[in-house]
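Asker: Chains as they are written, first to last, in my numbering: chain A, 3 to 180; chain B, 29 to 333.
1. Mind pulling the chain A residues with CB within less than 9 Å of residue 234(B)?
2. Taking buried to mean at least 16 other C-beta atoms within 10 Å of its own C-beta, is residue 53(A) buried or exposed?
3. Looking at the C-beta of residue 202(A), does it have a partner C-beta in chain B at a distance below 8 Å?
4. Nearest-angstrom Cα distance between residue 63(A) and residue 283(B)?
5. Among 235(B), 265(B), 260(B) and 221(B), which has the Cα closest to the Cα of residue 244(B)?
6. Using the beta-carbon of each residue, which ones in chain A are nearer than 7 Å to residue 55(B)?
7. Quick check: is the beta carbon of residue 116(A) nearer than 8 Å to any beta carbon in chain B?
8. Compute the Euclidean distance between the alpha carbons of residue 75(B) and residue 75(A), then round it to the nearest angstrom.
9. Helix, strand or coil: which one does DSSP assign to residue 256(B)?
10. Please list the terminal residues of the continuous alpha helix (DSSP H) segment that includes residue 94(B).
11. According to a CB-to-CB cut-off of less than 9 Å, which residues of the stretch 254-280 of chain B neighbour chain A?
12. Less than 8 Å separating the beta-carbons of residue 335(B) and residue 242(B)?
13. Which word fits residue 337(B), buried or exposed, when buried means at least 16 other C-beta atoms lie within 10 angstroms of its C-beta?
14. Which residues does DSSP pair with residue 274(B) in a beta bridge?
15. Relative to the C-alpha of residue 164(B), which candidate in 84(B), 107(B), 138(B) and 115(B) has its C-alpha closest?
16. Assuming the contact rule is C-beta atoms closer than 8 Å, residue 72(B) and residue 85(A) should be a hit. Round their C-beta distance to whole Å, please.
17. Considering only the alpha carbon of each residue, which of 27(A), 49(A) and 5(A) lies closest to residue 160(A)?
18. Inspect the beta-carbon positions of residue 201(B) and residue 195(B) and report whether they are closer than 8 Å.
19. Decide if residue 269(B) is buried, meaning its Cβ has at least 16 other Cβ atoms within 10 Å, or exposed.
20. Hey, would you say residue 171(B) sits closer than 8 Å to residue 210(B), going by beta carbons?
21. Return the CA-CA distance between residue 125(A) and residue 29(A), expressed in angstroms with no decimal places.
22. Where residue 255(B) and residue 227(B) are concerned, what is the direct C-alpha to C-alpha distance, given to the nearest angstrom?
23. So, helix, strand or coil for residue 311(B), using DSSP?
24. Run down chain C in chain order and give the residues with a C-beta less than 7 Å from the C-beta of residue 145(A).
25. Just curious, the beta strand (DSSP E) that residue 163(B) is in, first and last residue?
26. Using the three-state DSSP reduction, which class does residue 226(B) fall into: helix, strand or coil?
27. Could you round the C-beta distance between residue 45(A) and residue 131(A) to whole angstroms and report it? I think they count as a contact, below 8 Å.
28. Taking the runs of the beta strand (DSSP E) that are 3 residues or longer, which of them lie wholly in the stretch 99-164 of chain A?
29. Quick one: grab the DSSP three-state call for residue 204(B).
30. Going by other Cβ atoms of all chains shown within 10 Å of its Cβ, with 16 needed for buried, is residue 231(B) buried or exposed?
31. For a contact defined as C-beta to C-beta under 7 Å, what are the partners of residue 76(B) on chain A?
32. Using the beta-carbon count (16 or more within 10 Å), is residue 207(B) buried or exposed?
33. Does the beta-carbon of residue 4(A) have 16 or more other beta-carbons within 10 angstroms, so that it is buried, or is it exposed?
34. Can you confirm whether the stretch 58-72 of chain A touches the stretch 13-23 of chain A when touching is taken to mean that 3 or more C-beta pairs between the two stretches lie within less than 8 Å?
35. Could you work out which residue in 78(B), 175(B) and 153(B) is closest to residue 161(B) when comparing CA atoms only?
36. Relative to the C-alpha of residue 150(A), which candidate in 77(A), 123(A) and 59(A) has its C-alpha closest?
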């Protein structure tokens, strides 16, 4: 019995990042309106992707991120909006983290936040330019900018909540960050 | 045996290559799907419709607690400015009562004059009420998902309104869902009239909160504060739905502030203007005087879901 529970625990632990990204995608689509902050939702899925690629990259393989990105674009886009931008964002963020892990492992939270600021900035710039290029029109960048700034200030809270979960890691082995 | 070994070896090397280039392949696939979406929208729309068919029930389930939370936030906000709101409403009520008497008089006068002229009204519109179950949440698309679709009589191109005015038009329809493209979206175009001057124009969304008026013949007469209404040109929109007021008129173009408040909407109405052939009643006999009788109400329309 305890063996079974242990296995269940491990399975849930392994499935957590993917499930959370999926949940955040749904939450982004839900018609939640915080008091007049913005017309656009914060970049919740991107935050989760950044966080988990940093600490649990094995639980978010590239193909899964690709699938999530495509589904996200399909669901939130209207006609004529490019499908695949989010997939590209997620994949590039993952690759950028894996390629620069030595600068991001065992550093203070400020640096992790700085990394998030840079990568999410690049990701927003990518989706803005891709959308503008493919629709061949100038798009007002202000909503995207607001979205970026709000997400930037939400990330510490988000990271803190997920960091608490990390303390209860059932595997609890050093070096499981890869 | 040798064959089997060869197969295993080939498979292993294929797996190795795929693993090695998986990222490149996936990136290429993402870029490819963007280009495919640009070249052939039909396939993509079909896939999108299938995905939305699956997800809409989920979104509908989470939209109810979300509506409760939104209502709670709105309550707290309302409590904060109750006094000011009360004063404003009293003033507005006095003004509206004056207007009501004017409207009553005009209504009677209008009916009499129409009777004299044998004036033919446009087709009668019916309403389909739907719940907002999803939001695009994206910085580049301004759209909403509704829980009414083809089954309820919603069709592509119909106008979507709230009590205040127009908020958008239906662009995609599934069996049990539909997507509203909001007035402020990048690809929204709408023929409109400036109410005071009867000037025709096109309202053009550009992702900013204030859409632009374009293709106006004479800019000179238009002032800030002028009301903009739908012109009824181009089909499925009835004439005279309030759209917004001119927020600024200057050299940088004319900007319109939409009436329809998109923030924290729970229910909207889809106007079925009969163009789809679903609700057109029998035409009134030509010798009849006065406005035509309203067409019989179909079972699906006017129903809150």
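Here a beta-carbon is modelled for each residue, glycine too, at the ideal position from N, C-alpha and C.
Answerer: So, to answer that:
1. Indexing the second chain from 1 puts residue 234(B) at position 206. Using a Cβ-Cβ cut-off of 9 Å, residue 234(B) is close to 139, 140, 141 and 142 of chain A, given in chain order.
2. What you label residue 53(A) is simply residue 51 of the first chain in a count that begins at 1. Classification for residue 53(A): buried.
3. A question about residue 202(A) goes unanswered here, because the residues of chain A that appear run from 3 up to 180.
4. Here residue 63(A) is taken as the residue at index 61 of the first chain, counted from 1. Here residue 283(B) is taken as the residue at index 255 of the second chain, counted from 1. Distance between the alpha carbons of residue 63(A) and residue 283(B) is about 46 Å.
5. Sequence index remark: in the second chain, residue 244(B) carries index 216 (1-based). Comparing C-alpha distances from residue 244(B) to each of 235(B), 265(B), 260(B) and 221(B) shows the shortest one belongs to 221(B).
6. If you number the second chain from 1, residue 55(B) lands on position 27. For residue 55(B), the residues of chain A that pass the 7 Å Cβ criterion are 90 and 93, in the order they occur in the chain.
7. By one-based count along the first chain, residue 116(A) stands at place 114. Not one chain B Cβ lies under 8 Å of residue 116(A).
8. Along the second chain, read from residue 1 onward, the residue named residue 75(B) stands at position 47. Along the first chain, read from residue 1 onward, the residue named residue 75(A) stands at position 73. Spanning the two alpha carbons is a distance of roughly 11 Å.
9. Looking up residue 256(B) in the second chain gives position 228. Of the three classes helix, strand and coil, the one that applies to residue 256(B) here is strand, per DSSP.
10. Translated into positions along the second chain, residue 94(B) becomes position 66. Taken as a continuous stretch (DSSP letters only), the alpha helix (DSSP H) holding residue 94(B) covers 69-108.
11. The stretch 254-280 of chain B vs chain A, Cβ under 9 Å: nothing.
12. Because chain B in this structure spans residues 29 to 333, residue 335(B) falls outside the shown range and cannot be described.
13. This structure does not reach residue 337(B), given that chain B is present from 29 up to 333, and the question cannot be answered.
14. To locate residue 274(B), count along the second chain from 1; it is residue 246. Partner(s): 284(B).
15. The residue you call residue 164(B) lines up with position 136 of the second chain. Between residue 164(B) and the set 84(B), 107(B), 138(B) and 115(B), the nearest pair of CA atoms involves 84(B).
16. Residue 72(B) sits at position 44 when you count from the first residue of the second chain. Residue 85(A) sits at position 83 when you count from the first residue of the first chain. Indeed, because the Cβ distance is near 6 Å, the residues count as touching under 8 Å.
17. For the purposes of this step, residue 160(A) is identified with residue 158 of the first chain, where counting begins at 1. From the listed residues 27(A), 49(A) and 5(A), the smallest Cα separation to residue 160(A) is found for 49(A).
18. By one-based count along the second chain, residue 201(B) stands at place 173. By one-based count along the second chain, residue 195(B) stands at place 167. Against a cut-off of 8 Å, the Cβ pair of residue 195(B) and residue 201(B) comes out as no contact.
19. The residue given as residue 269(B) occupies position 241 in the second chain. Here residue 269(B) is buried, its C-beta having at least 16 other C-beta atoms within 10 Å.
20. By one-based count along the second chain, residue 171(B) stands at place 143. By one-based count along the second chain, residue 210(B) stands at place 182. Taking a C-beta distance under 8 Å as the contact criterion, residue 171(B) and residue 210(B) qualify as a contact pair.
21. Along the first chain, read from residue 1 onward, the residue named residue 125(A) stands at position 123. Along the first chain, read from residue 1 onward, the residue named residue 29(A) stands at position 27. Distance from the CA of residue 125(A) to the CA of residue 29(A), rounded to the nearest whole angstrom, comes to 20 Å.
22. Within the second chain, residue 255(B) is the residue found at index 227, counting from 1. Within the second chain, residue 227(B) is the residue found at index 199, counting from 1. If you take the alpha carbons of residue 255(B) and residue 227(B), they lie about 11 Å apart.
23. Counted from its first residue, the second chain places residue 311(B) at position 283. Its pLDDT being 41, under 50, residue 311(B) is placed unreliably by the model, and the measurement read from it follows with that caveat. DSSP places residue 311(B) in coil when its eight states are reduced to three.
24. Checking the listed chains, one finds no chain C in this structure; the protein chains it contains are A and B.
25. Within the second chain, numbered from 1, the residue matching residue 163(B) stands at position 135. Under the DSSP assignment, residue 163(B) falls in the beta strand (DSSP E) whose first and last residues are 154-163.
26. Within the second chain, the letter at position 198 stands for residue 226(B). In this structure, residue 226(B) counts as coil in the three-state DSSP scheme.
27. Along the first chain, one-based indexing puts residue 45(A) at 43. Along the first chain, one-based indexing puts residue 131(A) at 129. The pair is not a contact, with the Cβ atoms about 16 Å apart (cut-off 8 Å).
28. Listed in chain order, there is nothing to give.
29. In the second chain, the residue the question calls residue 204(B) occupies position 176. Residue 204(B) falls in the coil class under three-state DSSP.
30. For the purposes of this step, residue 231(B) is taken as the residue at position 203 of the second chain. The C-beta of residue 231(B) has 16 or more other C-beta atoms within 10 Å across all chains shown, which makes the residue buried.
31. As a working note, residue 76(B) is residue 48 in the second chain. Those are 76, listed as they occur along chain A.
32. Against the second chain, residue 207(B) aligns to sequence position 179. Under the 10 Å beta carbon count, residue 207(B) is surrounded by 16 or more other beta carbons and is classified as buried.
33. For the purposes of this step, residue 4(A) is taken as the residue at position 2 of the first chain. Its Cβ having fewer than 16 others within 10 Å, residue 4(A) is exposed.
34. With the rule of 3 Cβ pairs closer than 8 Å, the stretch 13-23 of chain A counts as touching the stretch 58-72 of chain A.
35. The residue you call residue 161(B) lines up with position 133 of the second chain. Closest option to residue 161(B), Cα to Cα, is 175(B).
36. Your numbering for residue 150(A) matches position 148 in the first chain. Residue 150(A) has its Cα closest to that of 123(A), out of 77(A), 123(A) and 59(A).
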